[in-house]
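Participant:
Number of protein chains: 2
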Amino acid sequence: MYSLHFTAESSSNGMIERDFTLGDVPGVLWSPARGAADRAPLVLMTHGGGNHKKHPAMSGRARRLVRDGFHVAVLDAPGHGDRPRTAHDEAEVAELFRARAAGEPEGPIVVRYNAHLAELAVPEHRAALDALQQLPQIGPGGPVGFWGINMGTAIGIPFVAREPRITAAVFGQHWPDVLAEQARQITIPIEFDLQWDDEHISREQGLALFDAFASPEKSLHVNSGRHKELPRFEADSAARFFARHLGRAITTAV
Amino acid sequence: MYSLHFTAESSSNGMIERDFTLGDVPGVLWSPARGAADRAPLVLMTHGGGNHKKHPAMSGRARRLVRDGFHVAVLDAPGHGDRPRTAHDEAEVAELFRARAAGEPEGPIVVRYNAHLAELAVPEHRAALDALQQLPQIGPGGPVGFWGINMGTAIGIPFVAREPRITAAVFGQHWPDVLAEQARQITIPIEFDLQWDDEHISREQGLALFDAFASPEKSLHVNSGRHKELPRFEADSAARFFARHLGRAITTAV
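Residue numbers (my numbering), protein chains in the order written: chain A, -9 to 244; chain B, -9 to 244.
#1: Within 10 Å of its beta-carbon, does residue 3 (chain A) have 16 or more other beta-carbons around it, so buried, or fewer, so exposed?
#2: In chain order, what residues of the same chain have a beta carbon less than 8 Å from the beta carbon of residue 237 (chain A), not counting five sequence neighbours either side?
#3: Could you run through the stretch 208 to 221 of chain B and flag, in chain order, every residue whose CB is less than 9 Å away from some CB of chain A?
#4: Enumerated in chain order, which unbroken segments of the beta strand (DSSP E) with a length of 3 residues or greater are wholly contained in the stretch 169 to 214 of chain B?
#5: State buried or exposed for residue 218 (chain A), treating a residue as buried only when at least 16 other CB atoms are found within 10 Å of its CB.
#6: On the criterion of 16 or more Cβ atoms from any shown chain inside 10 Å, does residue 76 (chain A) qualify as buried, or is it exposed?
#7: On the three-state DSSP scale, how would you describe residue 241 (chain B)?
#8: If distances are taken between C-alpha atoms only, which option among B:140, B:10, B:149, B:91 comes closest to residue 315 (chain B)?
#9: Give me the DSSP bridge partner(s) of residue 64 (chain A).
#10: Between B:138, B:66, B:29, which has its C-alpha nearest residue 43 (chain B)'s C-alpha?
#11: For the beta strand (DSSP E) that contains residue 11 (chain B), what are its first and last residues?
#12: Hey, residue 181 (chain A) and residue 227 (chain A) are a contact pair by Cβ (cut 8 Å); roughly how many whole angstroms apart?
#13: Going by alpha carbons, who is nearest to residue 0 (chain A) out of A:207, A:163, A:222, A:21?
#14: In this structure, how does DSSP classify residue 143 (chain B) when only helix, strand and coil are distinguished?
#15: Please decide whether residue 234 (chain A) counts as near chain D, where near means a Cβ-Cβ distance under 8 Å.
#16: Hey, out of A:222, A:85, A:24, whose CA is closest to residue 60 (chain A)'s CA?
#17: Here's a check: name, in chain order, each residue in its chain whose Cβ is nearer than 7 Å to the Cβ of residue 68 (chain B), leaving out the five neighbours to either side.
#18: Considering only DSSP beta bridges, list what residue 50 (chain B) is partnered with.
#19: Report, in whole angstroms, the separation of the C-beta atoms of residue 136 (chain A) and residue 34 (chain A), which I expect to be a contact under 8 Å.
#20: Which residue comes first and which comes last in the alpha helix (DSSP H) that contains residue 119 (chain B)?
#21: Count the other CB atoms within 10 Å of the CB of residue 171 (chain A); is the residue buried (16 or more) or exposed (fewer)?
Have a look at this one:
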């Protein structure tokens, strides 16, 4: 088991940001500055394809969760952020760009490449959770949330399916081809986002993936708009979902 | 045009409740006790089938909205609450109970009966809005919301389709047969609720009605569970939806 090494620390507006490495995987842990020593639930997030652990979508969501008293951790996915790209990564990304330029469907390439990344990333996420739960302000045995959309869902569904420590999860915007089978093993409460006018993922595909979850308690949020137009208020909704399920009252007016 | 007569007033926990009549239609207006003279947006609500204007689902939603600073008004629908039932009402209700007892589909009866009630209720709702906008604390020209689920949607969709004063609406849980055509005339922001395991309204029917709205900005909230199991947190979501669209900040922690 790898141990977690903190490499940098900064803070702004009540949020402490600590960079870490776990073996050769870089990550970031965001925590509330006030009561930093108090134990609080953790939400693990996974970023989208082509992004990285500190992309504004990640730091913005983290700020929302940290305000509510949670810890938030994100790893760079394989081939993303500060991690090297393999020849296979380069080839798949080139193929994606080629398909996009040619106006061909991106789905088959994204589905296959993300499944490959998930195989690598799932054990890294499990190791990160092991290490983060060693920290006194997180600790073992507490509730843990997972939040990942797009590629974050492609990694998150197999991760959550194998990881009993995750007790509530927010997913969305991916194809059912590989993931539906794994979603059928998930029984924790979930919230799932899809875009009604997604130019890549059809309504039938999005609904099929939502339908696959075995969770007795699941919610689907559909919004008008294209793939990249997921409304920002869904981040507020996800934060409230975690507050409901991880036993943490929202302490701020929204 | 009928004018509005207040017939009773009480208050509890920061909410003023005023019964009124508009011609022979009884209604209720709930308002914030604090700043009662200040102008604030109105949300018109319509209750579900078999219920009435002060059913706990109505007063609970009103309490949530009044806390956020809104006025809330509900009328008894034709044949409901303190209003007399006609022979036609009695016959339709008897037919519904017969079908239910026989295990036959309720949809065709509800669709037809609710369409009849909507014909009567739409002009009543327009007259109520006329009269309520005469009150100094509501006033003309301000943003007005509409919130109705089940029968409230069967009345609400034709009402909102014809009523340009409504600027944001929450609907849900009805069949597309009669309503989809009218929903195609609606372009304001909407939030729409449906139950994934509804024993009366199929997924295809629920999704078809959501799809019909012409609104560029629309959200669908699907939850696991049967027809009557719409989760209470959807009321919180609806209240936030109105706060976003009627220009009123939510002032309380949730």
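Just so it is clear, CB atoms sit at the ideal spot from N, CA and C, and this is done for glycine as well.
Facilitator: So, to answer that:
#1: exposed
#2: 31, 133
#3: 208, 209, 210, 211, 212, 213, 214, 215, 221
#4: 180 to 185, 208 to 213
#5: exposed
#6: exposed
#7: Confidence at residue 241 (chain B) is low in this model, with a pLDDT of 44, below 50, so its placement is unreliable and no value can be given for it.
#8: Outside the displayed span of chain B (-9 to 244) sits residue 315 (chain B), for which this structure offers no information.
#9: A:18, A:35
#10: B:66
#11: 5 to 12
#12: 7 Å
#13: A:21
#14: helix
#15: The structure shown contains no chain D; its protein chains are A and B.
#16: A:24
#17: 107, 110, 111
#18: According to DSSP, which records beta bridges pairwise, residue 50 (chain B) is partnered with nothing at all.
#19: 5 Å
#20: 97 to 122
#21: exposed
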